[in-house]
Amino acid sequence: MSAQAAAAPPQDRLVTFFHYVIGCTPVLFIGGIIVWVAHLIRTSLRLHDVQSAAIGISLVAIPVFITLMSVLLYVLWGIIRAGREPS
Amino acid sequence: MALWGMVIDLDRCTGCESCVLACKAENNVPAVGATEAEKGRVLSWMEVLSERDEENGVTRFIPRPCMHCDDPPCTKVCPVYATYRNPQGIVAQIYGRCIGCRFCMAACPYNAKFFNWYPYQKEAPNQNPDVSLRPKGVVEKCTFCHHRLQKARENAAAEKREVAPGEYNTACAESCPAQAITFGDLSDPTSEVARLAKSPRAFRLEAALGTHPKVIYLTEGEGRG
Amino acid sequence: MAEFVMNPADEVLLDPIRKTGAGFWFALAGLLTMVGFGAVAYLTQFVNGLGATGLHEPVSWGFYVTNFVFFIGISHAGTLISAILRLSKAEWRRPVTRMAEVITCMVLLVGGGQILIDLGRPDRLLNVIQYGRYQSPLLWDATSISAYLTASTVYLYLPMIPDIAILRDRTTKYNFLYRVLALGWRGTQKQQKILNRAITIMMVVVIPIAVSVHTVVSFVFSMTLQPMWHSTIFGPYFVVGAIFSGIGALIIAMLIFRKAYKLESYLKPIHFQYLGQLLLVMSLLWFYFTFAEYLTAYYGGEPEEMKVFFSKFTGDFRWEFWSMVGCNFIIPMACLTSLKKNPIPRVLTASIFIVIGMWLERFIIVVPTLSNPRLPFRLGSYMPTWVEWGEFTGSLGVFALFYLLFTKFFPVISIWEIHEGRHEGVEEVMHRVKSYLPDDAEHAPPPQQQPVAIAAKAVVP
Chain D
23 MSAQAAAAPP QDRLVTFFHY VIGCTPVLFI GGIIVWVAHL IRTSLRLHDV
73 QSAAIGISLV AIPVFITLMS VLLYVLWGII RAGREPS
Chain G
30 MALWGMVIDL DRCTGCESCV LACKAENNVP AVGATEAEKG RVLSWMEVLS
80 ERDEENGVTR FIPRPCMHCD DPPCTKVCPV YATYRNPQGI VAQIYGRCIG
130 CRFCMAACPY NAKFFNWYPY QKEAPNQNPD VSLRPKGVVE KCTFCHHRLQ
180 KARENAAAEK REVAPGEYNT ACAESCPAQA ITFGDLSDPT SEVARLAKSP
230 RAFRLEAALG THPKVIYLTE GEGRG
Chain V
18 MAEFVMNPAD EVLLDPIRKT GAGFWFALAG LLTMVGFGAV AYLTQFVNGL
68 GATGLHEPVS WGFYVTNFVF FIGISHAGTL ISAILRLSKA EWRRPVTRMA
118 EVITCMVLLV GGGQILIDLG RPDRLLNVIQ YGRYQSPLLW DATSISAYLT
168 ASTVYLYLPM IPDIAILRDR TTKYNFLYRV LALGWRGTQK QQKILNRAIT
218 IMMVVVIPIA VSVHTVVSFV FSMTLQPMWH STIFGPYFVV GAIFSGIGAL
268 IIAMLIFRKA YKLESYLKPI HFQYLGQLLL VMSLLWFYFT FAEYLTAYYG
318 GEPEEMKVFF SKFTGDFRWE FWSMVGCNFI IPMACLTSLK KNPIPRVLTA
368 SIFIVIGMWL ERFIIVVPTL SNPRLPFRLG SYMPTWVEWG EFTGSLGVFA
418 LFYLLFTKFF PVISIWEIHE GRHEGVEEVM HRVKSYLPDD AEHAPPPQQQ
468 PVAIAAKAVV P
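Going down the list, the sequences are from chains D, G and V. For the first sequence, my numbering gives the first residue as 23, with consecutive numbering after it. For the second sequence, my numbering gives the first residue as 30, with consecutive numbering after it. For the third sequence, my numbering gives the first residue as 18, with consecutive numbering after it.
#1: Give me whichever residues DSSP pairs with G:D38 in a beta bridge.
#2: Could you pull out every residue in the same chain whose Cβ sits closer than 6 Å to the Cβ of V:F87, ignoring the five residues on either side in sequence?
#3: Tell me which residues share the same chain as G:A200 and place their Cβ nearer than 7 Å to its Cβ, disregarding the 5 neighbours each side in the sequence.
#4: Do G:E80 and G:T88 have their beta-carbon atoms positioned less than 9 Å apart in this structure?
#5: Please give me, in chain order, every unbroken run of the alpha helix (DSSP H) with length at least 4 that falls completely inside the segment 31-76 of chain V.
#6: Under 9 Å between C-beta atoms, does G:N57 make it to chain V?
#7: With distances taken from CA atoms, which of V:I178, V:K279, V:M177 and V:P362 is nearest V:G38?
#8: Per DSSP, what kind of secondary structure is G:Q122 in: helix, strand or coil?
#9: Cβ closer than 9 Å: which chain V residues qualify as neighbours of D:R106?
#10: Which of the three DSSP states, helix, strand or coil, is assigned to G:S220?
#11: Under the three-state reduction of DSSP, which class applies to V:A470: helix, strand or coil?
#12: Taking Cβ-Cβ distances shorter than 7 Å, what residues in chain V pair up with D:G100?
#13: With 8 Å as the limit, tell me which residues of the segment 296-323 of chain V have their beta carbon closer than that to any beta carbon of chain D; keep them in chain order.
#14: Is the Cβ of G:I128 closer than 9 Å to any Cβ of chain V?
#15: Would G:A111 pass as an interface residue toward chain V - the criterion being a Cβ-Cβ separation below 9 Å?
#16: Using the Cβ count rule (16 or more neighbours within 10 Å means buried), how would you classify G:K151?
#17: So which residues of chain V does D:I79 contact, with C-beta pairs closer than 9 Å?
#18: Determine the burial state of D:V69: buried for a count of at least 16 other Cβ atoms within 10 Å of its Cβ, exposed for fewer.
#19: Quick check: the Cα distance between V:L136 and V:Q147, rounded to an integer number of angstroms?
#20: Please tell me whether G:W74 and G:F143 are closer than 9 Å, where the distance is taken between their beta carbons.
#21: Please work out which residues of its chain come closer than 6 Å, Cβ to Cβ, to V:L184, disregarding the five sequence neighbours upstream and downstream, and give them in chain order.
#22: Tell whether a beta-carbon distance below 9 Å holds between D:S66 and V:R150.
#23: Kindly say whether V:V222, judged by its beta-carbon, lies nearer than 9 Å to any beta-carbon of chain D.
#24: Roughly how far, in whole angstroms, is the beta-carbon of V:V57 from the beta-carbon of V:G407, given that I think they are within contact range, below 8 Å?
#25: Any idea what DSSP makes of V:S368, helix, strand or coil?
#26: Relative to the C-alpha of G:E196, which candidate in G:R177, G:A187 and G:M30 has its C-alpha closest?
#27: Can you list, in chain order, the residues of its chain with a C-beta nearer than 8 Å to that of V:P390? Leave out the 5 residues immediately preceding and following it.
#28: Within the segment 65-145 of chain G, note down every full alpha helix (DSSP H) run reaching 4 residues or more, in order along the chain.
#29: Apart from the five residues on each side of it in sequence, which residues of its chain come closer than 8 Å, Cβ to Cβ, to V:M123?
#30: What does a CB cutoff of less than 6 Å around V:E310 pick up in its chain, not counting 5 residues either side in sequence?
#31: Skipping 5 residues on each side, what residues in its chain have a beta carbon closer than 6 Å to that of D:G105?
#32: Are the Cβ atoms of V:G265 and V:I120 separated by less than 9 Å?
#33: Quick one: grab the DSSP three-state call for G:F212.
#34: Would you mind reading off the limits of the alpha helix (DSSP H) that contains V:C352?
#35: Determine the extent of the alpha helix (DSSP H) in which V:R196 is found, giving its start and end residues.
#36: Answer yes or no: does any C-beta atom of chain G fall closer than 9 Å to that of V:Q243?
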């Protein structure tokens, strides 16, 4: 990209802070969903109610969410880190 | 372990609907009013369905409570454990957990479930204190007068004995003037209900669906079609 | 690393962000009115109860569930089209992908919202989180739609990063927002490689997730024992219907913004011709599934199914049913079979009818089955009230509003992908086509020498 707009240092730090926040959202959001799915397995075990459904579905759902989280973490941190390197 | 069920003798049923009224009184089932009734929102845990048989010129009456199926299609689809089948065979409803998605209503092949479209129930005198009032937005249905079972159990426990046969009876069975409805423990071979359930006239509604309903009907006798 | 030099012609893609015309304010006013109407309708329902709708026993599901299926269906356009076109390296996708991806994200929010509106006790929504049962198809919906929302948001955001960087460098408006969202993008080779790898993984991962979404939505109906719901065809049927309605909605959105933002040189007739051909294929597929479904029911002749069947064909729902067939099959056949010259009016007509027809199709699936219970239950016809119409209007308004606001902050056509198409796409396609042809074609001697060469080959063993 051609010359970036010059910004005051405090703004720069705020932007950096938000970059880190964005980088953490996959863990919070998708991690939360994975914890929720695990909680539902536990509930079905506790209430003795169709455990097979909970376990079966989470065997598919959890890997999918882990994949999404991994891709997101890879790309977000990859771009942020590569952007900090002097080119 | 008891298995609570019901036998309804269609030969005896006159279509008088005493069972409907008794159920409403016993369970605080609200009257929704004329406007709502016209919109099709009458709450009727026990309902007498009628079918006109033109060929034989008769009208058939089928009192239909909740079937308390042994393989209930409604409990399968509830997303929040608000309806479930307890170990004694009663399909129960947890009003406090129901989110009002009405999936169980869509899944029930017998239309046995009803919804509180408005806050129909209000505090009023002469309501049965043993049965909780339902708020708006939740599903309700026949409970085989489960509160009476709880009372019978408590009495029996206080007197340090088992629940006697016949001690727990539903309001509809009690009130039927033709004694068409028999209620009891299907797993007790000596009970009246178990004996009637084995009658050659016995059939179940929508049996082919595999819901294993525990409300068993006895067909009308010969000569009635 | 190649310096990104923006083509001056592409500045028009940044105009909606830089400038706001009167048209925007009119559109905003109109959409806010629709949303306001919807809000009043929902508030009435929230305060008084679901009795404010036309729902009753036995028809306890009506507009809201229809809209739920409808809006989630439309979400299939975006990501599926974008992912499949990227996967198949179709070059004509370049101006289309951003708009498609935005549709998915926005309409998924609205679609998910429909179920919340349908609840008798929305205040108890957290019960689904705390006490969810995975045997219930509604929980499959919750999981699948969460996965799809996450995946499609990621799939929208990733290709947007280079564009946000362009905005960061070329505009001063909202600069802080762009600096944050651009993640420090500088277009270095390393960053490009990471982004491309991530987009490639996402475009493969998103397709099975998208297919699973509308399949589990169909399972809400097919897992019950009700006549004409308990059908094994529902999974694929719903997915096909979703892609069908989604492409129609996409075309309408594209044509609206083409006119409003003067994007005629980017969204050319050829794009609409190709989309129209896709629409034609989906119409035929939809008709095939519908035909198979109804023929099977009719041939079997099960009494309870035939009650529902005839209520659709000749009974209470015949207007909705035959309008659906007209909108989804007859009109698209008439419009879409000759698209060579001037495809845009035909494709637009077909799309509008298809979107209406697919809404009718959802309605025809939900309501007639509930209206014809197995037992001789009370009869009653479903008559939606102003609350349901208001909610429908409000939902459309919310969707369009989100979309419109998006276009005011981000370019609605992917600038860097157009740039890539201009500079690398043409050559890459040339190489690709050459690789399909037989290798000797490149080294073939001039025509007059050919016979001698062949004869010589024939002699050598």
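From the three backbone atoms N, C-alpha and C, an ideal C-beta is built for every residue, glycine too. All values derive from a computational prediction rather than experimental measurement.
On the basis of the data shown:
#1: Here residue 38 of chain G refers to the residue found at position 9 of the second sequence. Looking at the DSSP assignment, G:D38 forms a beta bridge with G:L247.
#2: For the purposes of this step, residue 87 of chain V is taken as the residue at position 70 of the third sequence. The residues are W376 and R379.
#3: For this step, residue 200 of chain G is matched to residue 171 along the second sequence. These residues qualify, in order along the chain: A51, C52, E55 and C174.
#4: The sequence position of residue 88 of chain G within the second sequence is 59, counting from 1. The sequence position of residue 80 of chain G within the second sequence is 51, counting from 1. Cβ atoms of G:T88 and G:E80: closer than 9 Å.
#5: 32-35 and 39-65
#6: The residue you call residue 57 of chain G lines up with position 28 of the second sequence. By this cut-off, G:N57 is not an interface position.
#7: As a first step, residue 38 of chain V is located in the third sequence; it is residue number 21 there, counting from the start. Closest by alpha carbon: V:K279.
#8: Counted from its first residue, the second sequence places residue 122 of chain G at position 93. G:Q122 falls in the strand class under three-state DSSP.
#9: The count along the first sequence starts at 1 and reaches residue 106 of chain D at position 84. Going along chain V in sequence order, the residues near D:R106 (Cβ under 9 Å) are G201.
#10: In the second sequence, residue 220 of chain G corresponds to position 191, counting from 1. Here G:S220 sits in coil by DSSP.
#11: Sequence index remark: in the third sequence, residue 470 of chain V carries index 453 (1-based). Because V:A470 carries a pLDDT of 40, less than 50, the predicted location of this residue cannot be relied on, and no value is offered for it.
#12: One-based indexing of the first sequence puts residue 100 of chain D at position 78. Going along chain V in sequence order, the residues near D:G100 (Cβ under 7 Å) are I211.
#13: none
#14: As a first step, residue 128 of chain G must be located in the second sequence, where it is residue number 99. True, the Cβ-Cβ gap to chain V drops below 9 Å.
#15: Working through the second sequence from its first residue, we reach residue 111 of chain G at position 82. It does; some Cβ of chain V falls within 9 Å.
#16: For the purposes of this step, residue 151 of chain G is taken as the residue at position 122 of the second sequence. It counts as exposed.
#17: As a first step, residue 79 of chain D must be located in the first sequence, where it is residue number 57. Those within 9 Å of D:I79 in chain V are Y151, L156, W157 and T160.
#18: Here residue 69 of chain D corresponds to residue number 47 of the first sequence, with the count starting at 1. The displayed chain sequence assigns Leu, not Val, to residue 69 of chain D. Its Cβ having fewer than 16 others within 10 Å, D:L69 is exposed.
#19: Here residue 136 of chain V is taken as the residue at index 119 of the third sequence, counted from 1. Here residue 147 of chain V is taken as the residue at index 130 of the third sequence, counted from 1. Those two C-alpha atoms are separated by around 16 Å.
#20: Counted from its first residue, the second sequence places residue 74 of chain G at position 45. Counted from its first residue, the second sequence places residue 143 of chain G at position 114. For G:W74 and G:F143, yes; Cβs fall inside 9 Å.
#21: Within the third sequence, numbered from 1, the residue matching residue 184 of chain V stands at position 167. So the list reads Y195, once near-sequence residues are dropped.
#22: For the purposes of this step, residue 66 of chain D is identified with residue 44 of the first sequence, where counting begins at 1. For the purposes of this step, residue 150 of chain V is identified with residue 133 of the third sequence, where counting begins at 1. Contact: yes.
#23: The residue you call residue 222 of chain V lines up with position 205 of the third sequence. Yes - at least one Cβ of chain D is within 9 Å of the one on V:V222.
#24: The sequence position of residue 57 of chain V within the third sequence is 40, counting from 1. The sequence position of residue 407 of chain V within the third sequence is 390, counting from 1. Contact flag correct, Cβ pair sits at about 7 Å.
#25: Numbered from 1 along the third sequence, position 351 holds the residue referred to as residue 368 of chain V. Helix, per DSSP.
#26: The count along the second sequence starts at 1 and reaches residue 196 of chain G at position 167. The candidate whose alpha carbon is nearest that of G:E196 is G:R177.
#27: Numbered from 1 along the third sequence, position 373 holds the residue referred to as residue 390 of chain V. Around V:P390: P75.
#28: 102-106 and 132-136
#29: Counting from 1 along the third sequence, the entry for residue 123 of chain V is found at position 106. Excluding positions up to five away in sequence, the list reads F416, F419, Y420 and F423.
#30: Against the third sequence, residue 310 of chain V aligns to sequence position 293. Closer than 6 Å at the Cβ level, and outside the excluded window around V:E310, lie I250.
#31: Translated into the one-based positions of the first sequence, residue 105 of chain D becomes position 83. No residues qualify anywhere along the chain.
#32: On the third sequence, position 248 is the one that residue 265 of chain V refers to. On the third sequence, position 103 is the one that residue 120 of chain V refers to. No, they are not a contact pair.
#33: Within the second sequence, numbered from 1, the residue matching residue 212 of chain G stands at position 183. G:F212 falls in the strand class under three-state DSSP.
#34: For the purposes of this step, residue 352 of chain V is taken as the residue at position 335 of the third sequence. Element bounds for V:C352: I348 to L353.
#35: As a position in the third sequence, residue 196 of chain V is number 179, starting the count at 1. From DSSP, the alpha helix (DSSP H) with V:R196 extends over N192 to L198.
#36: In the third sequence, residue 243 of chain V corresponds to position 226, counting from 1. Interface residue, yes.
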